[in-house]
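When we follow my numbering, the leftmost residue of the sequence shown carries the number 1261, and every step to the right adds one. Let me begin by presenting the structure, written as structure tokens, before commenting on it.
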Amino acid sequence: MTRPLCTIIGFGPGVGAAVARRFVAGGFDVVGLARDPARHAALAGPGITLRAADAADHASLTAAVPPGAEVLVYNAYRASMATPGPSALAPADLAADLAVNVVGALAAAQAVLPGMRAAGRGSILLTGGGLALSPTGWLPAASLAVGKAGLRSLAQTLHAELAPAGIHAGTVTIAGAVAPGTAFDPDRIAEAFWDLHADPAGAFRAEIIFKG
Ligand SMILES: NC(=O)c1ccc[n+]([C@@H]2O[C@H](COP(=O)([O-])OP(=O)(O)OC[C@H]3O[C@@H](n4cnc5c(N)ncnc54)[C@H](OP(=O)(O)O)[C@@H]3O)[C@@H](O)[C@H]2O)c1
């Protein structure tokens, strides 16, 4: 029997690989997309294959997303730093960050939606950050805060639109710094993605705020 497919856009050694491991353990095959998959080759293995794609290039991203995924995880991010804060942030840097942090997520969702609509089910899970909730905690990261706020709104609006069709859009908002062996261990965070995916139709949550 073929295993269901989980596509992770923005695959890397932290949250991306941990979510991949969790979905493989749950019976999925995983395709991970990153700009430089060779850099992450050691993280591939049984159930996990890697492909090249740049989430900033929405046409090529859409082409690289495999059809028929039951789960899409959008984990890519781009963070231009500006000191002391947004007054020093180049508008072009904010635009380039938003292309990955928000627009790529929309393009990816639209790439998988036809298959999910045909199947009458599917999960679109976006990786959020605590800056969406508290944007002033780290002013040099203002661009990422704007992006994560936008991503959270995208998750909530997709959720409201798609839940009646049996498709579960939502976000795991990671409210802390990811580090192995801490309360924000990637494997613990990955469990939140699995829990969100596992919500039954009719009881979909739009968000899990992961506080460690
Ligand atoms: N780390 C934290 O403390 C923290 C805290 C809160 C929230 N988060 C969120 O958690 C998510 C994962 O963070 P992480 O640090 O654990 O990273 P990760 O999952 O280890 O790796 C993310 C991967 O995304 C890929 N990527 C970046 N830009 C991309 C693009 N334009 N197109 C395709 N792939 C791209 C990178 O690989 P390539 O360079 O090969 O493309 C990178 O390996 C992010 O959304 C982040 O905002 C992280």
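Here a beta-carbon is modelled for each residue, glycine too, at the ideal position from N, C-alpha and C.
Ignore the nearest five residues each way along the sequence and tell me which others in residue i's own chain have a CB closer than 7 Å to its CB.
i, result
"residue 1393", "1433, 1435"
"residue 1469", "1433, 1435"
"residue 1290", "1266, 1268, 1280, 1283, 1284, 1307, 1308"
"residue 1303", "1273, 1277"
"residue 1376", "1382, 1427"
With residue i as the anchor, note down where its alpha helix (DSSP H) starts and where it stops.
i, result
"residue 1318", "1318-1324"
"residue 1311", "Not the alpha helix (DSSP H): residue 1311 falls in the beta strand (DSSP E), residues 1308-1312."
How many angstroms separate the CA atom of residue i from the CA atom of residue j?
i, j, result
"residue 1257", "residue 1262", "The question about residue 1257 has no answer here: the residues shown for the chain are numbered 1261 through 1472."
"residue 1422", "residue 1395", "28 Å"
"residue 1283", "residue 1431", "16 Å"
"residue 1319", "residue 1313", "10 Å"
"residue 1298", "residue 1311", "9 Å"
"residue 1287", "residue 1264", "7 Å"
"residue 1348", "residue 1335", "26 Å"
"residue 1419", "residue 1466", "6 Å"
"residue 1497", "residue 1381", "Here the chain has residues from 1261 to 1472 only, and residue 1497 is not among them."
Ends of the beta strand (DSSP E) at residue i?
i, result
"residue 1289", "1289-1294"
"residue 1452", "Careful: residue 1452 lies outside any beta strand (DSSP E), inside the alpha helix (DSSP H) at 1446-1457."
"residue 1216", "For the chain, the structure presents residues 1261 to 1472; residue 1216 sits outside this window and is missing."
"residue 1410", "It is not in any beta strand (DSSP E) - residue 1410 instead sits in the alpha helix (DSSP H) that spans 1402-1422."
"residue 1354", "Residue 1354 -> not in any beta strand (DSSP E); alpha helix (DSSP H) instead, spanning 1351-1358."
"residue 1470", "1467-1470"
Could you check what DSSP says for residue i in three-state terms: helix, strand or coil?
i, result
"residue 1393", "coil"
"residue 1340", "coil"
"residue 1375", "helix"
"residue 1435", "coil"
"residue 1429", "strand"
Going along the chain, which residues of its own chain have a beta-carbon closer than 8 Å to the beta-carbon of residue i, five neighbours each way excluded?
i, result
"residue 1437", "1444"
So, for residue i: in the same chain, excluding its five sequence neighbours on each side, which residues have a beta-carbon less than 6 Å away from its beta-carbon?
i, result
"residue 1408", "1388, 1389, 1391, 1392"
"residue 1343", "1400"
"residue 1357", "1338, 1340, 1403, 1407"
"residue 1371", "1322, 1325"
"residue 1333", "1268, 1279, 1385"
Inter-stretch contact at 8 Å, needing at least 3 Cβ pairs: the region 1304-1320 / the region 1408-1419: no
Touch test, the region 1293-1303 against the region 1264-1273, Cβ-Cβ under 8 Å, three pairs minimum: yes
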